[in-house]
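Read the structure below first, then the notes.
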């Protein structure tokens, strides 16, 4: 650590001498700078064995040896390693074990709550059926009847200034759905974003809308994102917006999806911060949001491909019926 930090001697610990405090020689759990110290330590070591930090993601490390590429991705203390050479991957694992106490879990089948399922055609599917089962049981919806869509389009919700709130774990439920939506379920992005607008003062009709999302999940537990192998890397995005869809303030909602090899890798549904005076204005605002996300993903993808002298794909974003 760069700072000099002291801690009070824990109760029950006996030391030689009359000490009131101890000086820490390294970061420990609970220290506010512990996560930063861990990141600096990991970063320094990984770079010392030939990796370079990605210019677009500080948690991604890239190494090229004899035309083969290996990637290391770190999420707190979970480390994923992949690449084009099994020998290079094995060597990377060995190098990491010389510096850190690590457990090799082998081929990744479950990470960060996401299940990875290999298909007979070489495809990989990401899904969270265990998590769906858990949240359905947690909120008492494990025996509910399934519906075919997450939103009832015949019902429009509005905010309420009622003095009382619905007696239900509304915020907890929306938070649980957000975790699922951001990881593997773009199909509920709009529905979750819609109900999250009523977190301040949820009413019974808002809770009914949340329960409908759970009912949709009941029938789509195994839905996920499937990545299939292919020779040509295709990357494209789609952007759209409604116009004045919010009945309370007449603000529009932006939506976008980016597909890599036919599978969604990034998506979003967000209420716009200002009132659009025309459909064109609403569409341009949505397109601007999509371009910001698309440029970052495109640059990251091109950086990884450039490591093995491959050319990155073009960035294509379709907005309604026109290619921008």
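Numbering (full-length UniProt numbering), first residue to last: 1 to 324.
Heads up, the beta-carbon is just placed ideally off N, CA and C, and yes, glycines get one too.
Rounded Cβ spacing between residue i and residue j (contact assumed at less than 8 angstroms)
i, j, result
"residue 261", "residue 228", "6 angstroms"
"residue 251", "residue 270", "Not a contact, Cβ separation roughly 10 angstroms."
"residue 248", "residue 159", "5 angstroms"
"residue 331", "residue 308", "A query on residue 331 cannot be resolved here, the shown segment of the chain reaching from 1 to 324 and no further."
"residue 301", "residue 312", "6 angstroms"
"residue 222", "residue 127", "6 angstroms"
"residue 81", "residue 89", "5 angstroms"
"residue 186", "residue 264", "5 angstroms"
"residue 151", "residue 176", "Actually they are not in contact, since the Cβ atoms of residue 151 and residue 176 sit about 18 angstroms apart, beyond 8 angstroms."
Straight-line gap, residue i to residue j (C-alpha atoms, nearest Å)
i, j, result
"residue 174", "residue 208", "12 angstroms"
"residue 304", "residue 27", "33 angstroms"
"residue 130", "residue 138", "12 angstroms"
"residue 76", "residue 2", "20 angstroms"
"residue 319", "residue 256", "9 angstroms"
"residue 145", "residue 109", "30 angstroms"
"residue 316", "residue 274", "27 angstroms"
"residue 6", "residue 59", "30 angstroms"
"residue 287", "residue 182", "20 angstroms"
"residue 314", "residue 268", "21 angstroms"
"residue 163", "residue 104", "54 angstroms"
"residue 116", "residue 10", "43 angstroms"
"residue 189", "residue 19", "56 angstroms"
"residue 289", "residue 254", "8 angstroms"
"residue 203", "residue 242", "25 angstroms"
Under the three-state DSSP convention, the category residue i falls into
i, result
"residue 409", "Here the chain comprises residues numbered 1 to 324, so residue 409 is not present and cannot be evaluated."
"residue 89", "helix"
"residue 199", "coil"
"residue 156", "coil"
"residue 289", "helix"
"residue 16", "coil"
"residue 295", "helix"
"residue 173", "helix"
"residue 316", "strand"
"residue 187", "helix"
"residue 310", "coil"
"residue 279", "helix"
"residue 209", "helix"
"residue 332", "For residue 332 there is no data in the structure shown, the boundaries of the chain being 1 and 324."
Buried versus exposed, by CB contacts within 10 Å (16 or more), residue i
i, result
"residue 199", "exposed"
"residue 102", "exposed"
"residue 14", "exposed"
"residue 237", "buried"
"residue 216", "buried"
"residue 47", "exposed"
"residue 246", "buried"
"residue 32", "exposed"
"residue 69", "buried"
"residue 283", "buried"
"residue 36", "exposed"
beta-carbon residue i near the ligand GDP non-hydrogen atom, thresh 7 angstroms
i, result
"residue 81", "Absence of the ligand GDP from the depicted structure is noted, as is the absence of any ligand whatsoever, leaving it without description."
Within the segment 221-275, note down every full alpha helix (DSSP H) run reaching 4 residues or more, in order along the chain. Taking 4 residues as the shortest admissible run, the segment 221-275 contains no complete alpha helix (DSSP H) segment at all.
My parser needs the beta strand (DSSP E) runs of 3 or more residues fully inside the UniProt domain "Reverse transcriptase Ty1/copia-type" (2-151); what are they? Runs found: 6-8, 21-23, 60-65, 68-75, 78-83, 114-118, 124-127.
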